[in-house]
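A quick write-up on the structure given underneath.
Residue numbers (the UniProt record's numbering): 1 to 163.
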């Protein structure tokens, strides 16, 4: 695992395949219905060709009292294994199904992801990286976070599935 977090823009077309796992010291924040769901400067990020970074947040920095395991069956990633999905229920708000996912049992290359969750930015009110509000990766399958630090085009929008 690399410990790289650059300030200059990165092209997602320079990201590798298979994906690379990096430690990140960027400040991440997730807010939903006025509640701080997660805040950390100890995330991991997956960098994969044509995708904006996917940030994984340690459970210790997530308000896990609002999280519960989803009934969704796990999907399979050829690199990371079978995903477990999570729902979010904050007081006074509607249940957000499949808001996050994790890999409790990964291959050795991605073992550091154990006890970390990644959130779909499109399913919560706000996700920020260093106080910059992220744009969700297009589409309903991938969960990358787009900021001014990453340049596309990005996979996920209609017509990009075959990239």
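The C-beta atom is built at its ideal place from N, Cα and C for all residues, glycine as well.
None of the values given here were measured: they were computed from a predicted structure.
**Message:** For residue 44, report the span of its beta strand (DSSP E) as first-last.
**Reply:** Reading the chain shown from its first residue, position 44 is the one you call residue 44. From DSSP, the beta strand (DSSP E) with residue 44 extends over 43-47.
**Asked** Which partner residues of residue 68 appear in the DSSP bridge assignment?
**Response** Taking the chain shown and counting its residues from 1, one reaches residue 68 at position 68. In the DSSP output, where bridge partners are listed per residue, residue 68 has 87.
**Prompt:** Are residue 120 and residue 156 touching if we call contact CB-CB under 8 Å?
**Reply:** The residue given as residue 120 occupies position 120 in the chain shown. The residue given as residue 156 occupies position 156 in the chain shown. No, Cβ-Cβ distance for residue 120 and residue 156 is not below 8 Å.
**Request:** My understanding is that residue 21 touches residue 46, with C-beta atoms under 8 Å, so please give their C-beta distance in whole angstroms.
**Result:** Taking the first residue of the chain shown as position 1, residue 21 is located at position 21. Taking the first residue of the chain shown as position 1, residue 46 is located at position 46. In this structure residue 21 touches residue 46 by the C-beta definition: roughly 6 Å separates them, less than 8 Å.
**Request:** Look at the alpha carbon of residue 100 and the alpha carbon of residue 136, and state the distance between them as a whole number of angstroms.
**Result:** By 1-based counting over the chain shown, the position of residue 100 is 100. By 1-based counting over the chain shown, the position of residue 136 is 136. Cα to Cα, the separation comes out at about 13 Å.
**Request:** Take residue 60 as the anchor and find which of 122, 154, 116 has the nearest alpha-carbon.
**Result:** For the purposes of this step, residue 60 is identified with residue 60 of the chain shown, where counting begins at 1. Of the listed residues, the one whose Cα sits closest to residue 60 is 116.
**Item:** residue 97 (DSSP reduced to helix, strand or coil)
**Value:** Position 97 of the chain shown, counted from the start, is the residue given in the question as residue 97. Residue 97 carries a strand assignment under DSSP once its states are collapsed to helix, strand and coil.
**Message:** Beta-carbon within less than 7 Å of residue 48's beta-carbon, same chain only, minus the 5 sequence neighbours each way: which residues are those?
**Reply:** The residue labelled residue 48 in the question sits at position 48 within the chain shown. By the criterion of a C-beta distance shorter than 7 Å, residue 48 is surrounded in its chain by 15, 17, 19, once the five residues flanking it on both sides are discounted.
**Item:** Own chain, CB closer than 6 Å to residue 122, minus 5 neighbours either side, in chain order
**Value:** Mapped onto the chain shown, residue 122 falls at position 122. Correct list, in chain order: 136.
**Request:** Throw me the rounded Cβ distance for the residue 26 and residue 129 pair, which I believe falls under 8 Å.
**Result:** Walking along the chain shown from the start, residue 26 turns up at place 26. Walking along the chain shown from the start, residue 129 turns up at place 129. Yes, residue 26 and residue 129 are in contact; Cβ-Cβ is about 5 Å, under 8 Å.
**Prompt:** Out of curiosity, what's the CA-to-CA distance linking residue 32 and residue 125?
**Reply:** On the chain shown, position 32 is the one that residue 32 refers to. On the chain shown, position 125 is the one that residue 125 refers to. Roughly 5 Å separates the two Cα atoms.
**Item:** Local Cβ density within 10 Å of residue 51, reported as buried at 16 or more and exposed below that
**Value:** Residue 51 sits at position 51 when you count from the first residue of the chain shown. Buried, since its Cβ has 16 or more Cβ neighbours within 10 Å.
**Prompt:** Mind checking whether residue 103 and residue 95 have CB atoms under 8 Å apart?
**Reply:** Here residue 103 refers to the residue found at position 103 of the chain shown. Here residue 95 refers to the residue found at position 95 of the chain shown. It is not a contact, given that the beta carbons lie outside the stated cut-off.
**Asked** Can you tell me where the beta strand (DSSP E) with residue 58 in it begins and where it stops?
**Response** Numbered from 1 along the chain shown, position 58 holds the residue referred to as residue 58. From DSSP, the beta strand (DSSP E) with residue 58 extends over 54-58.
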